[in-house]
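>
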Amino acid sequence: MSFSIYKYASPMTFYGLAGKMIPWFSWGAAILAGLGLYIAFFMAPTDFQQGEAYRVIFIHVPAAWMSMFIYMVMAFWSAVGLAWNTRLSFMMSRALAPTGALFAFLSLWTGAMWGKPMWGAWWVWDARLTSSLVLFFLYVGIIALWSAIDDRRRGDKAGALLILVGAINVPIIYFSVKWWNTLHQGASVSLMQAPSMAAIMLMGMLVMAIAAWFYSIAVAMVRVRGIILERERQTEWVKELLEKN
Amino acid sequence: MSEISHLAVRELACARGERTLFSGMNFQLRLGQLLLVQGGNGRGKTSLLRLLCGLAQPLEGEVHWRGQEIGGVREEYHREMAYIGHVNGIKDDLTPLENLRLSAALAGRHLDERTAEQSLIRLGLERCLDLPARVLSFGQRRRVTLAGLMTAGAVLWILDEPLTGLDVHGVALMEGLLRDHVTGGGMVVMTTHQPLSLEGVATVPLQVGPVLQPQED
Amino acid sequence: MSEISHLAVRELACARGERTLFSGMNFQLRLGQLLLVQGGNGRGKTSLLRLLCGLAQPLEGEVHWRGQEIGGVREEYHREMAYIGHVNGIKDDLTPLENLRLSAALAGRHLDERTAEQSLIRLGLERCLDLPARVLSFGQRRRVTLAGLMTAGAVLWILDEPLTGLDVHGVALMEGLLRDHVTGGGMVVMTTHQPLSLEGVATVPLQVGPVLQPQED
Amino acid sequence: MLRFLITVIRRDLLLAARRKGDWLTSQFFFVMVVSMFPLGIGPEPEMLRRIAPGVVWVAALLASLLSLSRLFADDHRDGSLEQMLLSPEPPVLLALGKALAHWLIYGVPLLVIAPVLGLQFGLQADVIGVLMLSLLIGTPVLSLLGSVGAALTLGLRGGGVLLTLLILPLYVPALIFGAGAVDATLAGLGPEANLSLLAAFAMLTLMVAPWVTAAALRISIE
Amino acid sequence: MLRFLITVIRRDLLLAARRKGDWLTSQFFFVMVVSMFPLGIGPEPEMLRRIAPGVVWVAALLASLLSLSRLFADDHRDGSLEQMLLSPEPPVLLALGKALAHWLIYGVPLLVIAPVLGLQFGLQADVIGVLMLSLLIGTPVLSLLGSVGAALTLGLRGGGVLLTLLILPLYVPALIFGAGAVDATLAGLGPEANLSLLAAFAMLTLMVAPWVTAAALRISIE
Ligand code: HEM
Ligand SMILES: Nc1ncnc2c1ncn2[C@@H]1O[C@H](COP(=O)(O)OP(=O)(O)OP(=O)(O)O)[C@@H](O)[C@H]1O
Ligand SMILES: Nc1ncnc2c1ncn2[C@@H]1O[C@H](COP(=O)(O)OP(=O)(O)OP(=O)(O)O)[C@@H](O)[C@H]1O
Ligand SMILES: [Mg+2]
Ligand SMILES: [Mg+2]
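Residue numbers (my numbering), protein chains in the order written: chain V, 16 to 260; chain Z, 2 to 218; chain W, 2 to 218; chain C, 2 to 223; chain S, 2 to 223.
#1: Quick check: C:I222 and C:E83, are their CB atoms within less than 8 Å of each other?
#2: Can a CB atom of chain S be found closer than 8 Å to the CB of C:L14?
#3: I think V:F40 touches V:I232, with their Cβ atoms under 8 Å apart; what is that distance to the nearest whole Å?
#4: Does the beta-carbon of S:P174 have 16 or more other beta-carbons within 10 angstroms, so that it is buried, or is it exposed?
#5: Tell me the residue span of the beta strand (DSSP E) that contains W:C15.
#6: Could you tell me whether the Cβ atoms of W:Y84 and W:W66 are closer together than 8 Å?
#7: For Z:A196, which three-state DSSP category applies?
#8: Quick one: is W:Q34 buried, meaning 16 or more other Cβ sit within 10 Å of its Cβ, or exposed?
#9: Need the endpoints of the beta strand (DSSP E) that Z:V64 sits in, please.
#10: On a Cα-Cα basis, can you pick out the residue from Z:G90, Z:L167, Z:L36, Z:F23 that is closest to Z:R135?
#11: DSSP on Z:N27, reduced to helix/strand/coil?
#12: Starting from W:A203, trace the beta strand (DSSP E) in both directions and tell me its first and last residue.
#13: Express the C-alpha separation of C:V109 and C:A182 in angstroms, rounding to a whole number.
#14: Does ligand 2 have even one heavy atom less than 7 Å from the beta-carbon of W:S138?
#15: Measuring only the C-alpha atoms, how far is S:L205 from V:S104?
#16: Do S:A210 and S:V113 have their C-beta atoms within less than 8 Å of each other?
#17: Note down, in chain order, each residue of its chain lying with its Cβ closer than 6 Å to the Cβ of W:V187, except the 5 sequence neighbours on either side.
#18: Using a C-beta cutoff of 8 Å, does Z:E19 count as contacting chain V?
#19: Quick one: Cα of V:M16 to Cα of V:T101, how far?
#20: Roughly how many angstroms separate the alpha carbons of C:L62 and C:L143, rounded to a whole number?
#21: Mind pulling the chain S residues with CB within less than 8 Å of C:L166?
#22: What residue does the beta strand (DSSP E) around V:M12 start on, and which one ends it?
#23: Taking the continuous beta strand (DSSP E) assigned at Z:W158, which residues delimit it?
#24: Quick one: what does DSSP say S:M2 is sitting in, helix, strand or coil?
#25: Counting only beta-carbon separations shorter than 8 Å, does S:W184 have a partner in chain Z?
#26: Which residue from Z:F28, Z:T47, Z:L178 puts its Cα closest to that of Z:L22?
#27: Apart from the five residues on each side of it in sequence, which residues of its chain come closer than 7 Å, Cβ to Cβ, to Z:Q141?
#28: With respect to 7 Å, is the separation between the Cβ of S:Q28 and the closest non-hydrogen atom of ligand 2 below this value?
#29: Is any non-hydrogen atom of ligand 4 found closer than 7 Å to the C-beta of Z:H87, if you look at the structure I gave you?
#30: With a threshold of 16 other CB atoms inside 10 Å of the CB of V:Y53, please say whether the residue is buried or exposed.
#31: What would DSSP say about Z:T21, mapped onto helix, strand or coil?
#32: With 9 Å as the limit, tell me which residues of the segment 145-170 of chain Z have their beta carbon closer than that to any beta carbon of chain W; keep them in chain order.
#33: Sorted by chain position, which residues of the same chain lie with C-beta nearer than 7 Å to V:G115's C-beta, five sequence neighbours on each side aside?
#34: Consider the C-beta atom of W:P92 and the heavy atoms of ligand 4; say whether any pair is separated by less than 7 Å.
#35: So with Cβ pairs under 8 Å, would you call Z:N89 a contact of chain S?
#36: Does ligand 5 have even one heavy atom less than 7 Å from the beta-carbon of W:T47?
Here you go:
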């Protein structure tokens, strides 16, 4: 009995739950983002060194954080999915991946935009930059693998394996890149060490980070609902649901 | 001994893509029986055989070997089973002889050269012993696979259209092999679209999908 | 018209590797005739058919189409001929429908969607019209190829074991197609190891290699 | 004639579109190979700028090679190559169409990506312009010459690697003129000489390669 | 158990020996990719020496990737992979055996060729020694991690390129430590730190990769 609850009830109940969560998290994300941007543009002082350009930090840093955090969450769901063969876990990691890739790309993009005024170059082969790039590649690889596999069950499991292998590797990659970079040259360009970052800036960043977090949840919920509908198309409850609308 | 059902299937269901090919399938097979899986093109015969081998996982239900789920007795089950699919499983770069000996070694058996050679000759491949399998004709390649089956010493044979590409001799030979194996206490699960004369063999038919009316078109 | 021999073979010889498979082969085929190439596994049936298509070059001898060497009238010959080999020639990533229309386009013919669809349905593929060919079963894929043959509008069909993997329905269907084509003034060159009922069709047998005694083993 | 050419190209574009991820993957391969080099060589900007043209060109070569090994192989395996050769239309058009389709699918996107990679390596706008121009003239050469190799190695075991062996030497002129044009710009000389040599080489390839490919195809499928 | 492992390795070695040219070609690919760089970059000896370790390592990566795409694909296509998975022996040994055989066939010869390439780029004897050592420790990682990718992409369209896309990012630590060891020697620092990190990474891979490969194989053939 518990077996069938695992297999069938779970996506169904979750579908409803996700539906209830979406408005909360969407509104939360919108309000927090508004607040964060207000802090970013109106309350945070102009940086005496960097001028106005530094304000991109309020997007850059949350995006970078989220890209890493989402990967960890995906790894968690993949492990759960492989261990207990729960279908919802695979759906969760599928729903999260595009958002993770988006944030990884966003951190690269904003970083590059920022790099041009700061360092005079769009890109330098700094440790943190490079490991962000590798993380982005990992996301792309995972999505590419999914898109190449038509069979859903195979795609779920293969993707989960890859995510887990990546999860073991990501810390190693991070440290190797860091080490690679410092070995050659005494930090040609060191990312700023957050020298006595103004409290208001920290606050703005935190608010933006939570907004990004809410946004990720909301988007993931929307996506997971889509995936559930698609996958449970032939079940009774989805048919009923579709008829109601 | 032969009264125990060695291979048993309980409430098996199989889905490919969105379609459920079959569900609630039950059967039992004893030593000395041949299960003839029948059904038109695309009904799920191949899919069923792969489930029986353990190459694919069923949507629902279980396959039992000597009373235990095949997942649990994988090693033992694979030692007693031999499978032939739509593709031959032989390496194009090796000669038939090498192919036979190598697949035996991979299955953990030793196969000496003479035995291998004899079984190939029995299958009419005496002129091809030293050619790479790549240059063999369609039917000759199928025969190499069948020679491998002969030498496998398995109790349970799972055969997916073994007659594909065989000429009349080949078909007769295969019928002989099947008869010997089953009457000698082996078990066979097989599919074929070709007529097969199996008098004297305890045949259990199994229909996958609707029954076909021959010449209905 | 139908008294001219459209396809003629003169002193054809074929060698693969070191072996000469056949030599001094002569035959002629007229409209409304079916040439049934017979022979055991590995005798050279496939090799012969590929020579007839122009996919391979003979060791000796010539293949003539309407009195001219096929090398000289390649374009015309290919326009009037359709070949089906051991492999299907369909793209796994396309649906059966797309496959049909694309191969027609490549052969310089226009095939509208309705006609293509009808021929697929006639071959029992109504449930597979929108699936990529990759997921089709062995026999279903063969049927797609045969649908392509139907729509090709060729005079000469060259078919290498077209019945492979077809169920009883499929075989009956194919027999119908062959009968219609030949009695309608077409020509067929084919091989098969399966029994085929072709009453009413002018069949010319051609033996490649020694005659097989059925059930001799 | 022209209809057949267009059908061949359309067919390959359709197949590429159907293999959704595949096409994108090939482009990412290009990006990744280029991005691996700094990891192996070290992050000094000055040196990276110096090696950038060579690295981008070599990566373009490799990306095109990798996809080329499947140019005819897939069609051969599933028998559709035979069917196309049995078409009444001339095989040389088939060869040309396949090469052009390959260029459209795998060559053209490189032109779009190359500038981004140039930025990563700190190249100036004018250098990037020359890089793109050299790739625009050079990538058809890669597709055309590559199709010759793909046809020759068709059906051989390990065809992909063998292909590399046959074709990389033929790519050398394209590599030298192409990367040379960018190098010259970096060094303050004009790229014109290199580019016109590259263009001449491209023309020559266009005239010769399809015929050779067609002949090689007929031999390979026998 | 051990007998099975050895049989798997012997089988792959036999097959490689049968495909005469194929094996050699893969080594030539390595040589050629490395030799392309001076053509693309220009002949300054000082710079060539600087980039040599990175170039050799990246070429080793690419060479191993090229051959990896066929690690399971051939066996899958002709059905012998299924047969091996139906063997009573555990699939993890199959995975390990295939990866080791790949290393013996494609990795070990690189060790022999690398010194020659090192000389071409004007490296000193001690640097070449470190280069070889780094390849000795690093190439098994390439085979092992690569086998994971090969199993995951089995039977997929565009498998080769997809494989690259999946696996190149995972190769990053091997590349950095491997090329880093040589770089450090070039710069007069000792290679020990890099080499021991590389060895640790290799050990970890050896523990994890065969299991993942075996799991991926079972998923892929379903
Ligand atoms: C494409 C270029 C860039 C990438 C990929 C990138 C990546 C990252 C990542 C991954 C983080 C999060 C690290 C962590 O919290 O551990 C981060 C944080 C940060 N980045 Fe960037 N970055 C880029 C460019 C820049 C530039 C140009 C600047 C400004 C000069 C910058 C300033 C910062 C700052 C101040 C932080 C927060 C530091 C902290 O709180 O630890 N980044 N970046
Ligand atoms: N991913 C998929 N999506 C939809 N349908 C699928 C998918 N994969 C397989 N199928 C269908 O499942 C069936 C598979 O059947 P299977 O190969 O088991 O047939 P079979 O009985 O062996 O047929 P044959 O006699 O032709 O060999 C086919 O009808 C095929 O169309
Ligand atoms: N390179 C070669 N060296 C030696 N023999 C070869 C070579 N290539 C092919 N052969 C032989 O030539 C014959 C090819 O026959 P072909 O494929 O035409 O047979 P077939 O009559 O179609 O048989 P089937 O009924 O099995 O399809 C086979 O006997 C094969 O062993
Ligand atoms: Mg089947
Ligand atoms: Mg044949």
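The beta-carbon is built from N, C-alpha and C at its ideal position, and this holds for glycine as well.
In short, the structure shows the following:
#1: yes
#2: no
#3: 5 Å
#4: buried
#5: 6-17
#6: no
#7: The question names Ala, but residue 196 of chain Z is Pro in the sequence shown. Looking at Z:P196 - three-state DSSP - the assignment turns out to be coil, as it is neither helix nor strand.
#8: buried
#9: 61-66
#10: Z:G90
#11: strand
#12: It is not in any beta strand (DSSP E) - W:A203 carries neither H nor E in the DSSP assignment.
#13: 19 Å
#14: yes
#15: 27 Å
#16: no
#17: Before going further, note that residue 187 of chain W is Gly rather than Val in the sequence given. The answer, listed in chain order, is V156.
#18: yes
#19: Here the model assigns V:M16 a pLDDT of 36, short of 50, so the residue's position is not dependable, and the following value carries that caveat. Answer to the nearest angstrom: the Cα atoms are 15 Å apart.
#20: 7 Å
#21: T26, F29, F30, M33
#22: This structure cannot speak to residue 12 of chain V, because chain V is shown only from 16 to 260.
#23: 157-161
#24: coil
#25: The question names Trp, but residue 184 of chain S is Asp in the sequence shown. So no, S:D184 is outside the interface.
#26: Z:T47
#27: L126, C129
#28: no
#29: yes
#30: exposed
#31: strand
#32: D161, E162, L164, T165, G166, L167, D168, V169, H170
#33: S82, I85, Y86, M89, Y154
#34: A small fix is needed here, since residue 92 of chain W is Lys in this sequence, not Pro. No, ligand 4 has no heavy atom inside 7 Å of this Cβ.
#35: yes
#36: yes
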